[in-house]
Structure formats: structure tokens, C-alpha cells
Amino acid sequence: MFPMVVSYPSMWFKRKRALTSGIVIAFAAVGGGVASLLTRAMLTNIGLRNTLLMYFAINTTLLSAACFLVKSRGPSKRVTEIEWIDRALLKDPVFWSLAFGMLFAVYGYLPPIYLMTIFTVDKCLNISPQLSVAPTSVMNFSSAIGRALIGLIADRIGVSNVFFASLTIAALSQLVLWNLAEGYAMIVVFSVIVGASSGNFISLLAPMIAEIYGTQKLATLSGLLIFFNLPGNFSAAPLASAILSATGSWHAAISFSGGAQIISAACFLYARLKCKPRTPAI
């Protein structure tokens, strides 16, 4: 369902495509922020088993309702035969640069979300359970604001420019701010910056596809490129945790996460320069 939701705003809007996509995907971040606080409260009050049951019920209800609210734009009058495999696309270096960019982006996006509570407890001794999860919620709420604002900026200066810039900011914030964070205030500052920048590759993906390939196969291409998130969704946080356990150093885990987003930014920069070589990247 997520690839369809990501692609729908770009089907309906043309002038403010990045802004509308940013607003829609921003509410996913709001949900993540609320879920962090809600889950912590439920775990404390009703235990793990009942929390899982309650979370299942909430997700089932909301997703079922969402299925009836989503509406696709009508098909064009000229109906073409469905092409399941676009062989030309498989030979396109821009497509593969986008694919590998999506692959590496998740390896830099998920570790801060999953490890931030552990990091906060490790750096801030005797912190309360509520305050320990607050940076994760701050990260999600900041992401909601960031996705909407980034969408507005992308409509003005170009989606591909903002795509590259936001990934670079997210990578540098991890490699610099997260590495240097020792107190609660710095952790919150980092959470705001990384939250506002690291998840924008999700909200800007469909507008970027529409900018490069048009809207005819937007949902298909969105789903195909989001498929490259799959390895990272399964292994990004476990790999970062394994690095932390093996080395006993937060610097190693943070370097893995920030380095992955540097590689991702480089992949998207290649796509941007390949499609628009005459104008500067930033």
C-alpha cells in the first residue's frame, strides 16, 4: 500500500508536486512520533503482550479505513498494453543509480531511529523512560515538518537538487553531531536536524521519478525503487547494532550509518548530473 500512497500526490498534482508529496508523507512521520510515545506508555502500563495486541488492533483499523480513503486518478483514454518488464529501463544507468541510492539511503535512515533510545540511556545516566524515548519522537515530528518544508523548497529550486542536499545534510549530521553528542541537549539538537533531513528521500522519490520519467508509470517505478529499500528495512538496524556490539564503540556504528547516506547522496548526485548536466547540482 505504501508505494501507492507515495505515488498518488504526483498523479494528482503537477505544479506543487513535491510539496503535496511532502505533506502526505509527513503524516507518516507524525504517526511514528505518536507511536513511540504511545508504545512506551502501553509497555509501562499493560505489558508487552497486551501492547502488541493493542498495536495490532490500531494498525488494522487505521489501514482498513485508509484503503477506502485512497483514490487513484482515472486512467488515460488511450489504454496501452501492460508492460511487466521494461527492458530499456534495466539498461538505464540513471535508474540503477536511483535504485542503489534508495538501497543505501535506508542503511543511514533507520539506525538513528532504532538506536537513539539506547544511545540516550547510555549517554544520560538515570534518565527516565519517558525522556529516553523523547528524542525518537522529536526525530519523527521534526521529519513531518521537514518533509513539508523540503517539498516547498524542492518545487522552487528543483527536486533533484534538494534530494541530494537533504541526504548530504543527514549524513554530515550523523558523522559530526551524533559522534560528538554527549549530553541530552545535543542529542535533541541532532534529533531535530537528522529528523528533518534523513527521511526526505521517501517523500521526494515520486516527484523525482515524475521529473525524470513522467507520470505514466509512476506507481510502478515508485514500487520498484521502494523495493530496493527492502534489504535495509530488514538489516540496517541489526547491522548497526552488531557493529556496536562487536566494537563497543558508538563511533563505528555511527560511521556505518552516516557513510551509507554519503554513498546514497553520491548515487543521487550522479542521476541528477546525468539528467541535467548543464546546470550546477546545488
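Its first residue numbered 250, the sequence shown is counted upward by one per residue in my numbering.
Glycine included, C-beta positions come from ideal geometry on N, C-alpha and C.
### Query
In this structure, does DSSP put Ile376 in helix, strand or coil?
In the sequence shown, counting from the first residue as 1, residue 376 sits at position 127. In the structure shown, Ile376 sits in coil (DSSP, three-state: anything other than H, G, I, E or B).
### Query
Quick one: Cα of Leu297 to Cα of Pro378, how far?
Taking the first residue of the sequence shown as 1, we reach residue 297 at position 48. Taking the first residue of the sequence shown as 1, we reach residue 378 at position 129. So the two alpha carbons sit approximately 15 Å from each other.
### Query
Going by the CB atoms, is the gap between Val387 and Gly444 shorter than 8 Å?
For this step, residue 444 is matched to residue 195 along the sequence shown. For this step, residue 387 is matched to residue 138 along the sequence shown. Result yes, Cβ atoms of Gly444 and Val387 sit closer than 8 Å.
### Message
Does Arg527 come out as helix, strand or coil in the three-state DSSP assignment?
### Response
On the sequence shown, position 278 is the one that residue 527 refers to. Confidence at Arg527 is low in this model, with a pLDDT of 43, below 50, so its placement is unreliable and the value that follows should be read with caution. Looking at Arg527 - three-state DSSP - the assignment turns out to be coil, as it is neither helix nor strand.
### Query
Which value, in whole angstroms, describes the spacing of the CA atoms of Thr385 and Ile367?
Numbered from 1 along the sequence shown, position 136 holds the residue referred to as residue 385. Numbered from 1 along the sequence shown, position 118 holds the residue referred to as residue 367. Approximately 10 Å, taken between the alpha carbons.
### Query
Does the Cβ of Ala514 have 16 or more other Cβ atoms within 10 Å, making it buried, or fewer, making it exposed?
Indexing the sequence shown from 1 puts residue 514 at position 265. With 16 or more Cβ atoms within 10 Å of its Cβ, Ala514 is classed as buried.
### contact_flag[the stretch 498-509, the stretch 347-360] where n(CB pairs < 8 Å) is 3 or more
yes
### Query
For Ser484, which residues of its own chain have a beta-carbon under 7 Å away from its beta-carbon, when the five flanking residues on both sides are left out?
Working through the sequence shown from its first residue, we reach residue 484 at position 235. Counting only Cβ-Cβ distances below 7 Å, and skipping sequence neighbours, we find nothing.
### Task
State buried or exposed for Thr417, treating a residue as buried only when at least 16 other CB atoms are found within 10 Å of its CB.
Taking the sequence shown and counting its residues from 1, one reaches residue 417 at position 168. Under this definition Thr417 is a buried residue.
### Query
Grouping DSSP H, G and I as helix and E and B as strand, with all else coil, what is Glu460?
Here residue 460 refers to the residue found at position 211 of the sequence shown. Three-state DSSP puts Glu460 in a helix.
#### Entry: Gly432 burial status per 10 Å Cβ neighbour count (16 or more: buried)
On the sequence shown, position 183 is the one that residue 432 refers to. Exposed.
### Task
Would you kindly work out how many angstroms separate the C-alpha atoms of Leu292 and Leu380, rounded to a whole number?
In the sequence shown, the residue the question calls residue 292 occupies position 43. In the sequence shown, the residue the question calls residue 380 occupies position 131. Their Cα atoms are separated by approximately 15 Å.
#### Entry: Three-state secondary structure assigned by DSSP to Ser498
Here residue 498 is taken as the residue at index 249 of the sequence shown, counted from 1. In the structure shown, Ser498 sits in coil (DSSP, three-state: anything other than H, G, I, E or B).
### DSSP three-state assignment for Ala430, whether helix, strand or coil
By 1-based counting over the sequence shown, the position of residue 430 is 181. Here Ala430 sits in coil by DSSP.
### Message
Taking its Cβ as the centre, do 16 or more other Cβ atoms sit within 10 Å of Pro487, making it buried, or is it exposed?
### Response
Your numbering for residue 487 matches position 238 in the sequence shown. With fewer than 16 Cβ atoms within 10 Å of its Cβ, Pro487 is classed as exposed.
### Task
Have a look at Leu364, Val382 and Ala348 and flag the residue whose alpha-carbon is nearest the alpha-carbon of Ser490.
Within the sequence shown, residue 490 is the residue found at index 241, counting from 1. The candidate whose alpha carbon is nearest that of Ser490 is Leu364.
### Query
Should Pro342 be labelled buried (16 or more other beta-carbon atoms within 10 Å of its own) or exposed?
Taking the sequence shown and counting its residues from 1, the one referred to as residue 342 is at position 93. Exposed, by the Cβ-count rule.
### Query
In whole angstroms, what is the alpha-carbon distance linking Pro480 and Gly395?
The residue labelled residue 480 in the question sits at position 231 within the sequence shown. The residue labelled residue 395 in the question sits at position 146 within the sequence shown. Each residue's Cα considered, the two are about 25 Å apart.
### Message
So, for Ile442: in the same chain, excluding its five sequence neighbours on each side, which residues have a beta-carbon less than 6 Å away from its beta-carbon?
### Response
The count along the sequence shown starts at 1 and reaches residue 442 at position 193. Around Ile442: Ser422.
#### Entry: Opening and closing residue of the alpha helix (DSSP H) in which Leu453 lies
Within the sequence shown, numbered from 1, the residue matching residue 453 stands at position 204. Where Leu453 is concerned, there is no enclosing alpha helix (DSSP H), given that its DSSP letter is neither H nor E.
### Message
Whole angstroms are fine: how far does the CA of Leu301 sit from the CA of Ala530?
### Response
As a working note, residue 530 is residue 281 in the sequence shown. As a working note, residue 301 is residue 52 in the sequence shown. Reliability of the predicted coordinates at Ala530 is poor, the pLDDT of 43 falling under 50, and no value is obtained from them.
### Query
Which residue's Cα is closest to the Cα of Phe477: Asn449, Ala348 and Ala414?
In the sequence shown, counting from the first residue as 1, residue 477 sits at position 228. That would be Ala348, whose Cα lies nearest to the Cα of Phe477.
#### Entry: Between the CA atoms of Phe317 and Ser504 - distance to the nearest angstrom
Along the sequence shown, one-based indexing puts residue 504 at 255. Along the sequence shown, one-based indexing puts residue 317 at 68. Straight-line Cα distance between these residues: approximately 43 Å.
### Message
One question on the structure: do Lys372 and Ala430 come within less than 8 Å of each other, judged by their Cβ atoms?
### Response
For the purposes of this step, residue 372 is taken as residue 123 along the sequence shown, with counting starting at 1. For the purposes of this step, residue 430 is taken as residue 181 along the sequence shown, with counting starting at 1. Cβ atoms of Lys372 and Ala430: closer than 8 Å.
### Query
Do you know offhand how far Leu473's Cα is from Ser409's?
Counting from one through the sequence shown, the residue named residue 473 turns up at place 224. Counting from one through the sequence shown, the residue named residue 409 turns up at place 160. Those two C-alpha atoms are separated by around 19 Å.
### Query
Nearest-angstrom Cα distance between Ala337 and Thr309?
Counted from its first residue, the sequence shown places residue 337 at position 88. Counted from its first residue, the sequence shown places residue 309 at position 60. Near 39 Å, if we compare the C-alpha coordinates of Thr309 and Ala337.
### Query
Can you name the start and end residues of the alpha helix (DSSP H) that Val408 belongs to?
Within the sequence shown, residue 408 is the residue found at index 159, counting from 1. First-last of the alpha helix (DSSP H) with Val408: Val408 to Leu421.
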